[in-house]
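K.L.:
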Amino acid sequence: MGEEDGPGLFHHKKQTLIDEISGKIINGDLLTKIHAAREIRSMIRNRNSSDKIRTKLAAAGVIQPLVLMLYSRNHDAREVSLLALLNLASRNERNKEQIVTCGAIPPLVELLKFQNTNTLRELATASILTLSTASPNKKTIIDSGVIPLLIQILSCGTVQGRVDSVTALHNLLTSQQPPLIPDAKAIPPLINLLKECKKSSKFAEKTTSLIQIISQSEEGKSAITNTQDGILTLVETIEDGSLVSTEHAVTTLLTMCVSCRSKYRELILNEGAIPGLLRLTVYGSEEAQEKARTLLDLLRESSSEKRLSSSVVEKIVHDIASRVDGSDKTVETAKSLLQDMVQRSMEVGMSEIQIRASSSSSSS
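Residue numbers are given in numbering that gives the first Met the number 0: position 129 of the sequence shown equals residue 128, and the series is strictly consecutive.
(1) So which of Thr116, Asn115, Gly144 has the shortest CA-CA distance to isoleucine 127?
(2) With distance defined between alpha-carbon atoms, name the residue in Ile33, Asn225, Ala185 nearest to threonine 206.
(3) For the alpha helix (DSSP H) holding aspartate 296, just list the boundary residues, first then last.
(4) Sort Glu235, Phe202, Glu121, Arg90 by Cα distance to isoleucine 132 and report the nearest one.
(5) What alpha helix (DSSP H) runs, 4 residues minimum, are completely inside the stretch 92–169?
(6) Keeping to the same chain, check which residues put their C-beta closer than 8 Å to that of glutamate 94; ignore five residues upstream and five downstream.
(7) On the CB-based measure, 16 or more other CB atoms within 10 Å of its CB, does lysine 12 come out buried or exposed?
(8) Please list, in chain order, all residues of the same chain as valine 234 whose beta carbon is under 7 Å from its beta carbon, the five residues on each side excluded.
(9) Assuming alanine 36 and serine 80 form a contact by the criterion Cβ under 8 Å, report the distance between their Cβ atoms to the nearest whole angstrom.
(10) Under DSSP, the alpha helix (DSSP H) around glutamine 215 begins and ends at which residues?
(11) Indicate the three-state DSSP secondary structure (helix, strand or coil) for alanine 36 in the structure shown.
(12) So glutamate 120 packs on glycine 60, CB below 8 Å; how close in whole Å?
(13) Run through DSSP, which three-state label would tyrosine 70 get?
(14) Mapping DSSP to helix, strand and coil, what is glutamate 270?
(15) State the start and end residues of the unbroken alpha helix (DSSP H) segment that holds leucine 252.
(16) For serine 208, I'd like the list of residues in its chain whose CB is within less than 7 Å of its CB, leaving aside the five on either flank, ordered along the chain.
(17) Among His10, Ile43, Asn73, which residue has its Cα nearest to the Cα of leucine 30?
Following this line, the structure appears as structure tokens:
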């Protein structure tokens with residue numbers, strides 16, 4: 000079958016093939032359905048006009064029988080139907096909505112509970128992720144009770160399963176205002192994932208967004224503190240993250256400090272947050288800059304001490320810069336001066352640590 004036969008004949012043959020496949024999957028026995036599901040996936044993956052193929056296959060009625068195959072006890076039937084549905088849903092909002100309308104979410108939720116097969120659970124997670132990108136589907140998916148299962152996958156799923164779980168959770172939890180706050184059990188695996196990934200990546204942005212949402216609960220704040228390197232990982236994100244992830248990270252630390260300054264202030268200071276926060280007051284998003292200033296003020300020992308607030312530091316730096324290079328280069332020079340201050344602050348901090356370590360060894 001080729002386009003050299005003429006466009007009319009080509010489209011006729013293609014439609015005939017679609018009708019044959021839909022007939023098999025609607026009326027065939029289980030083995031015939033499995034073969035037809037494989038043909039659906041192959042047909043979509045091997046054609047340039049895959050968008051039209053998706054639409055035509057859905058119109059031919061293949062979605063409902065594929066959803067029913069998810070209930071089968073046959074492993075192959077479940078796997079091929081998941082793959083076929085994923086291919087039908089890809090880049091097609093109408094198909095995503097139809098798949099959910101046909102009842103795909105309950106069997107997908109059941110597949111997420113599978114402990115003995117990573118393949119089916121990973122495919123089910125990918126399916127939930129894909130379907131969650133369509134706004135009309137989000138409430139149905141949230142109401143299905145899928146959130147705790149996605150959180151469980153953060154800890155025990157495959158690498159791809161954990162990545163898909165983070166993205167699915169982000170799609171679902173950020174779709175509501177105010178956002179739904181999930182169980183704080185999600186914090187340890189989220190912190191571990193944030194540790195391992197590049198802090199400026201899109202994945203880090205989604206992960207820090209979820210951590211920020213969970214930090215709104217007392218259990219979430221405590222979980223960040225109790226997780227190994229929890230606060231340190233957020234401090235590192237402030238230093239190395241993108242505009243989005245730094246904003247989420249500073250918002251999380253600020254939320255913690257505002258909720259109980261006496262509890263969280265020392266913990267944040269002990270992880271060396273000051274240099275990153277100072278840098279954020281210059282290079283962060285507008286909101287991140289403001290939150291960094293507020294957090295710096297909260298981290299001072301007391302308002303009565305003769306310490307310079309972050310806003311005063313910035314004003315002094317800008318005044319110096321304007322005198323050195325004139326008003327036209329003030330911002331550029333001020334940024335350079337602040338960078339030097341941050342670098343010197345870090346070097347002084349390291350020197351103090353070395354002095355303390357030396358004193359401690361000599362006294363012992």
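Heads up, the beta-carbon is just placed ideally off N, CA and C, and yes, glycines get one too.
P.N.:
Here's the rundown:
(1) Looking up residue 127 in the sequence shown gives position 128. For the residues Thr116, Asn115, Gly144, the minimum Cα distance to isoleucine 127 belongs to Gly144.
(2) Stepping through the sequence shown from its first residue, residue 206 is reached at position 207. When each option's Cα is compared against that of threonine 206, the closest is Ala185.
(3) Along the sequence shown, one-based indexing puts residue 296 at 297. Looking at the DSSP string, the run of the alpha helix (DSSP H) that includes aspartate 296 is 285–298.
(4) In the sequence shown, residue 132 corresponds to position 133, counting from 1. For the sequence presented, residue 132 should be read as threonine rather than isoleucine. Cα-wise, what sits closest to threonine 132 is Arg90.
(5) Complete alpha helix (DSSP H) runs here, min 4: 92–100, 104–111, 117–131, 137–142, 145–155.
(6) Position 95 of the sequence shown, counted from the first residue, corresponds to residue 94. Per the sequence shown, residue 94 should be read as asparagine rather than glutamate. Excluding five sequence positions before and after asparagine 94, the CB atoms of its chain that fall closer than 8 Å to its own CB belong to Arg53, Thr54, Ala57, Ile62, Leu87, Ala88, given in chain order.
(7) One-based indexing of the sequence shown puts residue 12 at position 13. Exposed is the call here.
(8) To locate residue 234, count along the sequence shown from 1; it is residue 235. Excluding positions up to five away in sequence, the list reads Glu270, Gly271, Ala272, Gly275.
(9) Here the question's residue 36 lines up with position 37 in the sequence shown. Here the question's residue 80 lines up with position 81 in the sequence shown. A Cβ-Cβ separation of about 5 Å places alanine 36 in contact with serine 80 under the 8 Å criterion.
(10) Counted from its first residue, the sequence shown places residue 215 at position 216. Segment: none, glutamine 215 is in no alpha helix (DSSP H) and carries neither H nor E.
(11) Stepping through the sequence shown from its first residue, residue 36 is reached at position 37. In the structure shown, alanine 36 sits in a helix (DSSP, three-state: H, G or I).
(12) As a working mapping, residue 120 is identified with position 121 in the sequence shown. As a working mapping, residue 60 is identified with position 61 in the sequence shown. Position check: residue 120 holds arginine in this sequence, whereas glutamate was assumed. In this structure arginine 120 does not touch glycine 60 by the C-beta definition: roughly 28 Å separates them, more than the 8 Å allowed.
(13) For this step, residue 70 is matched to residue 71 along the sequence shown. Of the three classes helix, strand and coil, the one that applies to tyrosine 70 here is coil, per DSSP.
(14) The residue given as residue 270 occupies position 271 in the sequence shown. If DSSP states are grouped into helix, strand and coil, glutamate 270 belongs with coil.
(15) As a first step, residue 252 must be located in the sequence shown, where it is residue number 253. For leucine 252, the enclosing alpha helix (DSSP H) starts and ends at 242–258.
(16) Looking up residue 208 in the sequence shown gives position 209. Residues His169, Thr173, His247 of the same chain have their beta carbon placed closer than 7 Å to that of serine 208, with the five preceding and five following residues left out of the count.
(17) In the sequence shown, the residue the question calls residue 30 occupies position 31. For the set His10, Ile43, Asn73, the Cα lying nearest the Cα of leucine 30 is the one of Asn73.
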